[in-house]
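Each residue of the sequence shown is one higher than the one before, starting from 30 at the first, in the working numbering. Built from N, CA and C at the ideal position, the CB exists for glycine as well. One structure below.
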Amino acid sequence: MPPAPPSSRVLAARRAVGDRIRVARLRTELSRERLAEKAGLDRHAVNRIEQGHASPLLDNLIRIADALGVPLRDLVGPEEGPTQRTSRTLNAVRSLARPHASTDCSGSRSAVVRPPTSARA
30 MPPAPPSSRV LAARRAVGDR IRVARLRTEL SRERLAEKAG LDRHAVNRIE QGHASPLLDN
90 LIRIADALGV PLRDLVGPEE GPTQRTSRTL NAVRSLARPH ASTDCSGSRS AVVRPPTSAR
150 A
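Okay, here's the thing in structure tokens:
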């Protein structure tokens, strides 16, 4: 039995990875042909990966990342949308305002609120 076609989520992720590769390639001012040479791949394979038409092997993604001089996570990591950024910012602010318990010389515990890192001298 042939494998099921990829879901729309998988296809969207392929396109996102391809877009990230294309952006990184253009930033480094490499042609597809030059990227393919540096990564040890065929130019058509690089084109199919950038277009999201091919599902690249992890080995090939590592070669592409190395050829572009970027960490692999920059090519395949989750894209941070506004919701994730807001949530991350709120968590950081909350952690700064959260009381931190400390123990003094007598052994009694007290809560101390630390100022934000940028306000520390």
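Residues near residue i in its chain [Cβ-Cβ closer than 6 angstroms; skip 5 each side]
i: residue 81; result: 43, 44 and 47
i: residue 67; result: 96
i: residue 77; result: 83
Cutoff 7 angstroms; reference residue i; Cβ partners in own chain excluding five residues on either side
i: residue 52; result: none
i: residue 69; result: 92
i: residue 90; result: 101, 104 and 105
Environment of residue i [buried if 16+ CB atoms lie within 10 Å]
i: residue 97; result: buried
i: residue 75; result: buried
i: residue 54; result: buried
i: residue 85; result: buried
i: residue 49; result: buried
i: residue 169; result: This structure cannot settle anything about residue 169, because the visible part of the chain is limited to 30 through 150.
i: residue 79; result: buried
CB contact flag (residue i, residue j, <8 angstroms)
i: residue 94; j: residue 87; result: no
i: residue 61; j: residue 72; result: yes
Cβ neighbours of residue i in the same chain (closer than 8 angstroms, five flanking residues each side left out)
i: residue 36; result: none
i: residue 114; result: Low local confidence applies: a pLDDT of 46 at residue 114 is under 50, so the model's placement there is unreliable, and no value is given.
i: residue 99; result: 53
Practice prompt. Would you mind listing the alpha helix (DSSP H) stretches within the region 45-76 that are 4+ residues and don't spill past its ends, in chain order?
Written response: Counting whole runs of 4 or more residues, the region 45-76 contains the alpha helix (DSSP H) stretches 61-68.
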